[in-house]
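In our numbering, the protein residues as written are 112 to 500.
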């Protein structure tokens with residue numbers, strides 16, 4: 112694909128996005144408010160999505176994945192998030208884990224895990240963040256020590272989506288010295304002795320997916336649980352995974368914001384005030400113009416970053432950071448403005464706007480805070496300036 116022209120949708124592209132949109136409309140949208148209110152994690156619906164190829168979207172077909180592009184993935188997640196950003200976001204995390212196993216695992220690990228992840232027979236969670244290591248991920252303290260034919264893990268992971276419900280955990284742990292080179296990745300099954308989970312966090316949003324600590328107390332896993340079979344590669348695996356994770360979560364922001372915007376257009380067309388429809392008020396139209404521009408710009412940035420990953424463009428890390436920073440900030444603002452344009456009705460649960468605002472807020476924090484995205488972008492621009500001097 113030409114990086115400069117990722118925007119034309121072929122017939123196959125439309126089939127992929129239309130399939131995701133139809134599934135979201137039928138199996139997610141009617142239940143999203145109920146799941147949010149009852150804190151229900153609909154694993155059955157996730158597995159239905161997997162039957163349509165959404166469990167391992169950009170994993171290789173040879174290992175059981177769908178073999179699609181990152182560009183396809185962000186389009187899928189956008190459509191799912193129109194119905195519910197929470198469920199779409201969890202599916203994006205699962206896909207990131209599946210890709211890590213597919214891309215960095217041994218052939219035996221790929222054969223063992225990717226088909227199960229693709230079908231979501233095994234639902235996956237990603238364990239990087241710790242109580243004392245969030246943005247500074249290289250400072251993590253969870254440790255893995257070799258003991259004969261096993262590794263023994265001790266430590267705590269924080270804010271883990273799916274904790275307690277997922278079947279498998281991709282875990283970053285320290286096997287060597289301090290710093291990124293001492294980190295390795297492991298695939299840990301839920302029933303591993305010594306693995307436990309903290310109390311469920313009471314969150315502002317994302318209520319339809321569980322979030323808790325994952326606690327390792329002498330957790331013994333076989334030696335072949337070391338992802339890729341090589342020590343010291345975990346930090347690189349984590350950072351490579353997060354490139355895709357960042358644009359995936361941005362796609363979820365875009366879908367949620369698009370839903371909020373569409374609700375607002377319908378509301379303003381019907382709402383009568385000051386002698387006519389609110390949609391005809393010039394100041395309202397100015398606001399809508401800014402919202403629509405933000406959505407379209409977000410989509411363009413997102414597709415460009417996804418295309419950069421697809422072609423392994425040298426600026427892929429920076430483009431993903433730019434897209435994550437811009438899209439999650441802008442789309443949160445669009446959703447908040449949509450709530451504002453609904454007036455008091457926007458504050459009511461039944462209209463669905465306040466849920467979108469609550470769900471999208473965390474996207475500016477996870478997969479690398481937007482402040483860290485600025486660090487990544489600034490470092491790249493500084494390097495570019497020095498190299499051109």
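Even for Gly, the Cβ is constructed at its ideal location relative to N, Cα and C.
Please read these numbers as outputs of a predicted model, since none were measured by experiment.
When C-beta atoms of the segment 168–180 are compared with those of the segment 329–337, fewer than three pairs fall below 8 Å, so the two segments do not count as touching.
Per DSSP, residue 467 lies in no beta strand (DSSP E); the unbroken alpha helix (DSSP H) holding it starts and ends at 464–472. For residue 306, the uninterrupted beta strand (DSSP E) segment begins and ends at 306–308. Within the segment 204–237, the alpha helix (DSSP H) runs of at least 4 residues that lie entirely inside it are, in chain order, 218–230.
For residue 484, the enclosing alpha helix (DSSP H) covers residues 481–499. For residue 435, the enclosing alpha helix (DSSP H) starts and ends at 427–452. Between residue 197 and residue 270, the C-beta gap is not smaller than 8 Å, which leaves the two residues out of contact. For the 8 Å CB-CB criterion, residue 431 and residue 357 form a contact.
Nearest neighbour of residue 230 by Cα position, chosen from 255, 256 and 162, turns out to be 162. In the three-state reduction of the DSSP assignment, residue 459 falls in the coil class, being assigned neither a helical nor a strand state. When DSSP states are grouped into helix, strand and coil, residue 240 belongs to the coil group. Among the bridge pairs identified by DSSP, residue 264 is matched with 255 and 330. Using a 10 angstroms sphere on the CB of residue 372, the tally of other CB atoms reaches 16 or more, which defines it as buried. Leaving aside the five residues that flank residue 249 on each side, the residues in its chain whose CB is nearer than 8 Å to its CB run, in chain order, 290, 291, 294 and 346.
Counting of Cβ neighbours within 10 angstroms places residue 413 among the buried residues, the total reaching 16 or more. In this structure residue 316 touches residue 473 by the C-beta definition: roughly 6 Å separates them, less than 8 Å. Secondary structure of residue 420 (DSSP, three-state): helix. No residue range can be given for residue 139, since it is assigned to no beta strand (DSSP E) and is classified by DSSP as neither H nor E.
Cβ atoms of residue 254 and residue 244 stay farther apart than 8 Å, at about 12 Å.
Taking the Cβ atoms as the reference, residue 427 lies roughly 18 Å from residue 481, outside the contact range of under 8 Å. In this structure, DSSP gives residue 271 an extended state, which the three-state scheme calls strand. Looking at the backbone, the Cα of residue 278 and that of residue 442 are separated by about 32 Å. Note on geometry: alpha-carbon atoms of residue 207 and residue 182 lie some 14 Å from one another. Residue state for residue 323 is assigned as strand, using DSSP reduced to three classes.
Ranked by Cα distance from residue 195, the options 475, 127, 233 and 365 are led by 365. Contact between residue 160 and residue 202 holds, with the beta-carbon distance rounding to 6 Å and staying under 8 Å. DSSP, reduced to helix, strand and coil, places residue 177 outside both helices and strands of the structure shown, so it counts as coil. Note that the C-beta distance between residue 437 and residue 409 is below 8 Å. Closest in C-alpha terms to residue 340, from the list 185, 219 and 447, comes 219.
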